[in-house]
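Student:
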Amino acid sequence: MSVSTAQPRGKAQRLKLITSYGPVYRDIKSTEARDARPGEIPVIDVSAIFGCDLQAKRKLARDISLVAEDTGFFYIKNHGISDSAIEAALSSSTSFFQQPEELKRHVHASQSRFLNGWSDPRSTHNSDEESSVDMCEHFSLKYDPEYDPTVADLEGIPYDFRRCFKGEEWYWERTSYIPGFKDNLIDYWQAGLSLARRLTGVFALALDLPEDYFGEKTLYPDAAMTLNHCRTVQHSAESPGSTNPQSAISEPLSAAETLHRTGPDTLNVGTHTDLQLFTILWQDQQGGLQVLTSHGEWINVKPVEGALGVNIADFLMRITNDRWKSTVHRVRHDDSADRYSMSFFFGFNLNETCGVLPSCVDEQNPAKYDPISCEELIRQRFQAGTDRG
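In terms of UniProt numbering, the sequence shown opens at residue 1 and continues consecutively.
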């Protein structure tokens with residue numbers, strides 16, 4: 001996830017996002033969010049991904065490409081994940097998070113090699129440890145080919161793929177007392193995996209590539225799921241980069257300085273972009289998600305019953321030569337009720353090396369980025385955050 005800091009520029013401000021290939025800046029008009037206007041966050045019917053009508057898929061691809069070139073965020077309906085799968089996963093999520101803390105600590109992510117398991121509030125950072133503003137708790141799990149329905153021969157998986165797998169079993173063993181916990185989460189993860197693979201086919205069409213272009217690149221994908229539980233946080237009266245005279249500085253604030261002025265509880269989840277190709281989001285009806293538009297305005301993204309959110313992530317923006325935009329987003333939950341959501345992060349095989357797509361370069365638009373492997377991109381991103389400490 002990207003790191004963010006804010007620099008005042010008169011009434012506008014500059015948002016600095018730390019990425020694995022250097023800082024990226026976005027101008028923002030205000031730290032306060034407005035409600036999204038009708039049609040500003042489209043709801044796209046993706047039922048065509050389950051059929052064989054290529055023309056219907058191409059029309060869907062065009063619809064997706066339009067929003068991917070703008071904010072990078074949209075809703076999808078008729079997505080194929082059943083209400084029962086969602087409700088079961090949510091029930092398990094609620095059961096887990098409502099436990100006493102001492103029980104959740106039995107599966108604390110500090111015991112994992114790959115940050116699987118439970119992360120308590122304040123332990124998840126969008127930057128270095130001094131800059132945490134995230135007030136959600138999470139339960140995370142990562143790709144394990146044992147639960148991938150498309151993998152028929154576990155023993156036959158080449159080592160170069162196997163060395164990248166980050167799924168683990170210990171957290172299932174330590175949560176076995178919660179009825180249906182493992183089965184419900186795996187069922188939802190598998191449904192998300194199937195949906196994500198189908199979406200990549202339409203994304204390929206949208207980028208003027210064959211529908212199966214990304215197939216080999218997602219055989220053993222970086223497919224992770226995170227359960228999120230946010231409680232209400234209190235916001236200070238002063239926002240980062242406000243018109244306080246003390247804010248008149250020439251360089252972007254460090255996130256630590258921002259916290260010093262606004263208090264550590266400013267956001268449930270701080271401003272960031274996601275890392276790999278895209279994220280599929282289920283959220284309850286509490287709201288709180290905010291997205292930065294291409295015009296530099298924060299907008300409240302209200303939940304849509306029966307729909308899932310999709311946001312473009314950094315690696316997809318990179319390989320499209322910045323044609324598609326990685327969604328800058330945050331969560332600010334002010335309601336008195338708790339907020340639950342489930343994020344499914346999808347990306348290429350971690351050992352996959354990919355440069356800018358051939359359909360995204362021409363004489364007027366040469367490639368901006370060199371080829372890089374997904375695992376190296378992730379390593380550089382986290383190193384970029386660590387170097388700020």
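Ideal placement from N, C-alpha and C gives every residue a C-beta, glycine not left out.
Because the structure is a prediction, the values reported are computed rather than measured.
Closest to Ser84 by CA distance: which of Arg198, Ala191 and Pro358 is it?
Tutor: Relative to the Cα of Ser84, the nearest Cα in the group Arg198, Ala191 and Pro358 belongs to Ala191.
Student: Identify which residue in Val301, Gly296 and Asp284 has its Cα closest to the Cα of Gln290.
Tutor: Nearest C-alpha to Gln290: Val301.
Student: Let me know the secondary structure DSSP gives Thr273 once reduced to three states.
Tutor: coil
Student: Just how far apart, CA to CA, sit Gln285 and Met342?
Tutor: 13 Å
Student: Starting from Lys77, follow its DSSP beta bridges and name the residues at the other end.
Tutor: Asp45
Student: Just checking, does the stretch 196-215 make contact with the stretch 348-363 on the three C-beta pairs under 8 Å criterion?
Tutor: yes
Student: Closest to Lys142 by CA distance: which of Asp160, Asp120 and Trp170 is it?
Tutor: Trp170
Student: Ignore the nearest five residues each way along the sequence and tell me which others in Ala337's own chain have a CB closer than 7 Å to its CB.
Tutor: Gln286
Student: Could you tell me whether the Cβ of Leu207 comes closer than 8 Å to any Cβ of chain C?
Tutor: The structure shown has no chain C; it contains just one protein chain.
Student: Exposed or buried, which one is Lys57 when buried takes at least 16 other CB atoms within 10 Å?
Tutor: buried
Student: Kindly give me the distance between the Cβ atoms of Ala223 and Leu277, rounded to whole angstroms, as I take these residues to be in contact under 8 Å.
Tutor: With a Cβ gap of about 10 Å, Ala223 and Leu277 do not count as contacting.
Student: In whole angstroms, give me the CA-to-CA distance for Tyr188 and Thr353.
Tutor: 28 Å
Student: Quick one: measure Cβ to Cβ for Pro145 and Phe165, integer angstroms, because I've assumed they're closer than 8 Å.
Tutor: Right, the Cβ-Cβ distance comes to about 7 Å (below 8 Å), so this counts as a contact.
Student: Is any heavy atom of the ligand HEM found at a distance shorter than 7 Å from the C-beta of Ala109?
Tutor: Among the ligands in the structure shown, none appear at all, so the ligand HEM cannot be discussed.
Student: Which partner residues of His108 appear in the DSSP bridge assignment?
Tutor: Trp118
Student: To the nearest angstrom, how far is the alpha carbon of Cys374 from that of Leu316?
Tutor: 11 Å
Student: Taking the alpha carbon of Asn365 as the point to measure from, which residue in Arg14, Pro303 and Asp322 has its own alpha carbon closest?
Tutor: Ranking the options by Cα distance to Asn365, first place goes to Asp322.
Student: For Gln13, count neighbouring C-beta atoms within 10 Å of its own C-beta (all shown protein chains included) and say buried if the count is 16 or more, exposed if not.
Tutor: buried
Student: So, do the stretch 69-77 and the stretch 304-311 have three or more beta carbon pairs nearer to each other than 8 Å?
Tutor: yes
Student: Quick check: what's the CA-CA separation for Gly167 versus Leu193?
Tutor: 14 Å
Student: Since Asn228 and Ala89 are thought to touch, with beta carbons under 8 Å apart, how far apart are those beta carbons, to the nearest angstrom?
Tutor: Not really, about 12 Å apart at Cβ, beyond 8 Å.
Student: Are three or more beta carbon pairs between the stretch 105-118 and the stretch 197-206 nearer than 8 Å?
Tutor: no
Student: Report the rounded CA-to-CA distance for Trp294 versus Asp70, giving the unit in angstroms.
Tutor: A small correction: the amino acid at residue 294 is Ser; Trp does not occupy that position in the sequence shown. Answer to the nearest angstrom: the Cα atoms are 6 Å apart.
Student: Once DSSP output is grouped into helix, strand and coil, what is the label at Leu205?
Tutor: helix
Student: Tell me, please, which residues DSSP counts as bridged to His229.
Tutor: Glu137 and Tyr340
Student: For Lys217, I'd like the list of residues in its chain whose CB is within less than 8 Å of its CB, leaving aside the five on either flank, ordered along the chain.
Tutor: Phe348, Asn349, Glu352 and Cys354
Student: Taking the alpha carbon of Met225 as the point to measure from, which residue in Ile186, Ala204, Phe214 and Arg231 has its own alpha carbon closest?
Tutor: Ile186
Student: Tell me which residue opens and which closes the beta strand (DSSP E) that Leu308 is part of.
Tutor: Leu308 -> beta strand (DSSP E) spans Leu308 to Ile312.
Student: On the premise that Thr279 lies in contact with Gly72, defined as a C-beta separation below 8 Å, what is that separation, rounded to the nearest angstrom?
Tutor: Their Cβ separation, rounded to whole angstroms, is 10 Å, which puts Gly72 and Thr279 out of contact at 8 Å.
Student: For the beta strand (DSSP E) containing Phe278, list its first residue and its last residue.
Tutor: Phe278 to Gln283
Student: Just curious, the alpha helix (DSSP H) that Arg26 is in, first and last residue?
Tutor: Taken as a continuous stretch (DSSP letters only), Arg26 belongs to no alpha helix (DSSP H), being part of the beta strand (DSSP E) at Gly22 to Ile28.
Student: Ordered along the chain, which non-local residues of its own chain (more than five positions away) have a Cβ less than 6 Å from that of Ile44?
Tutor: The residues are Asp63, Phe74 and Ile76.
Student: Would you tell me roughly how many angstroms separate the C-alpha atoms of Gln383 and Gly270, rounded to the nearest one?
Tutor: 19 Å
Student: Among Phe97, Gly39 and His333, which has the Cα closest to the Cα of Ser140?
Tutor: Phe97
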